[in-house]
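Protein sequences, first through last, are from chains R and S.
Under the working numbering, the first sequence is numbered contiguously, ending at residue 254.
Under the working numbering, the second sequence is numbered contiguously, ending at residue 508.
Have a look at the structure below, then the notes.
Protein chains: 2
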Amino acid sequence: MLLDVFDALSSTADLGVVPQENSTFGSVIETYDNLRKPDARFVRGEMTLQVQHCLVVRQGVRLDDVKKILSHEQALGQCQRFITTHFPFASVVKTTSTAAAAQALFRHPPDCAAICSKICAMIFDGLSILQEGIQDDTANFTRFFVIARNKDSAIPDCPTPTRALIQISAKVPSVSTVTGTCTANISKLLTALQTTITRIDRRPAVGTIPFHDVYLVELEREVQDDSKSWDQEAELAVDRVRQSGGNATLVGMW
Amino acid sequence: MLLDVFDALSSTADLGVVPQENSTFGSVIETYDNLRKPDARFVRGEMTLQVQHCLVVRQGVRLDDVKKILSHEQALGQCQRFITTHFPFASVVKTTSTAAAAQALFRHPPDCAAICSKICAMIFDGLSILQEGIQDDTANFTRFFVIARNKDSAIPDCPTPTRALIQISAKVPSVSTVTGTCTANISKLLTALQTTITRIDRRPAVGTIPFHDVYLVELEREVQDDSKSWDQEAELAVDRVRQSGGNATLVGMW
């Protein structure tokens, strides 16, 4: 489970790998919800993998028997067309991961199928694959973040960083007297970064005025400035956002 | 079901109301996935409602009987803490809407509960409310978009528009020779808007290079320029993005 990876970084693990985004279904909100926290873990790397989903059942179960499909919401989203075409009347159950879906088959009646990777079907004895490559888009990629406990946890033999992730929010949003909800002007804060932006994700800030947002902004070093390191450039970008009246924290550098 | 609202605008309905974002759980991706399409419907208004979720069962079912919880993923997300605290072992089933969850109770065994509004429990005969106000955050608001068939569908007695929604994407993303996925610099396109940005949402573009994004950017008219109408200002912002090398389309004005 994704949250367990973040939790393990507080105790046993030095590094963790969490899905950040899928090319068909978009951002993984649990990851962004962990990165929006004030004491967020630190992104130290990325990797991209091509993802092939399989329809997996307990041995002996046939396609016609399947009445219920279990998987993580990302995999369910990536196989939406397959599900509606082949199982328009099946009930769909969300699990905490695709591996958890495969495991759950042993606790459920045999009319259940899991959507998971081929490797899951091989790890757990007694499962068989009914169909491979069931994702809606054959070019289905998931990009992962490598996360560390904090900024000072180094990864050995890492290439010189060229990317950064910054948490940004407006300090003083404008609050409606009617609903008590707010809006904020984010343009000035993004302009203050003065750096190439390659991704912007928006999540609700926790425990503040309704509709107050945290933006997670990914930056890329396109032009190398020899007078400064990328670390220094990213810290300067954070400072400029603060000087423009916003909150900003560096939550990744890789 | 949300998709039905968009579909109805092609035939029977003149206007539709779809959830855009919840203050606890964030953006409603189905809505953004419909607004990212090349022939998207047009946003003509907004409204914000306070949302109270209830735990609803078939009459006679008690809290201890509940083994399965049905609801839309937004409501499940908004009541996540309630579910993990009170029903750590229940299976959670995603439905197409909260009303669909209430209705489904009649087709499921009696050990099921739905998370839905009070009004759902009253509309369908034979249901009863086990608990009210089960959302994690008491200040739980959902903001809705009023959508019309196209830009020319007017809403009678509408106030002068002050907001706009623009679809933006990079025309020429940079493609990795290793994975075949892409990244794009979005900074220049956002700066070209030269208008107050109040929300930015990112979704994967459909049927293009993996990780090519469409941004849905909400603008607000903060300073009134008497020489131009807001329509003209928004169209000029769209033109500036195009001149900066991006794709841009106006998909809302209210």
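Yeah, the Cβ is synthetic: ideal placement off N, Cα and C, and Gly gets one too.
Values in this document were obtained by computation on a predicted structure and should not be read as measured data.
Boundaries of the alpha helix (DSSP H) harbouring aspartate 4 of chain R: 2-8, taken from the DSSP string. Taking 8 Å as the cut-off, the beta carbon of glutamate 46 of chain R is found closer than this to the beta carbon of tryptophan 254 of chain R. For glutamine 50 of chain R, the uninterrupted beta strand (DSSP E) segment begins and ends at 42-50. In this structure, threonine 195 of chain R lies near alanine 237 of chain R, with their beta-carbon atoms less than 8 Å apart. The three-state reading of DSSP puts threonine 445 of chain S in helix, counting H, G and I together. In this structure serine 11 of chain R is exposed. Its beta-carbon is surrounded by fewer than 16 other beta-carbon atoms within 10 angstroms. At least one beta carbon of chain R lies nearer than 8 Å to the beta carbon of proline 458 of chain S. Following the DSSP letters along the chain, one finds alanine 113 of chain R inside the beta strand (DSSP E) bounded by residues 112-116. At a cut-off of 8 Å between beta carbons, asparagine 501 of chain S makes no contact with chain R. According to the DSSP assignment, arginine 453 of chain S belongs to the beta strand (DSSP E) that extends over 450-458. Take threonine 349 of chain S, set aside five residues on each side of it, and the residues of its chain with a beta-carbon closer than 7 Å to its own are Leu324, Ser325, His326, Ala355, Ala358, in chain order. Taking C-beta separations shorter than 8 Å and ignoring five residues to either side along the sequence, the partners of lysine 405 of chain S in its chain run Phe296, Leu504, Met507, following chain order. Look at aspartate 64 of chain R here: in three-state DSSP terms it is helix. The contact set of phenylalanine 260 of chain S on chain R, defined by CB atoms closer than 8 Å, is empty, because the minimum CB distance reaches about 15 Å. Annotated three-state conformation of aspartate 226 of chain R is coil, per DSSP. In this chain, the beta strand (DSSP E) harbouring leucine 250 of chain R covers 246-253. The beta carbon of isoleucine 337 of chain S does not come within 8 Å of any beta carbon belonging to chain R, so the residue lies off that interface. The alpha carbon of threonine 435 of chain S has as its nearest neighbour, out of R:Phe145, R:Phe141, R:Cys158, the alpha carbon of R:Phe141.
Interface annotation, lysine 348 of chain S: in contact with chain R, CB-CB separation under 8 Å. For threonine 302 of chain S, the CB contacts under 6 Å within the same chain, skipping 5 residues up- and downstream, are Phe395, Arg397 in chain order.
As far as DSSP is concerned, glutamine 232 of chain R takes part in no beta bridge. Residue contact check for arginine 475 of chain S against chain R: no CB pair falls below 8 Å. The three-state reading of DSSP puts isoleucine 83 of chain R in helix, counting H, G and I together. A Cβ of chain R is located within less than 8 Å of the beta carbon of arginine 453 of chain S. Setting aside the 5 residues that flank it on each side, arginine 240 of chain R is surrounded in the same chain by Ala192, each with a C-beta closer than 6 Å to its C-beta; the list follows chain order.
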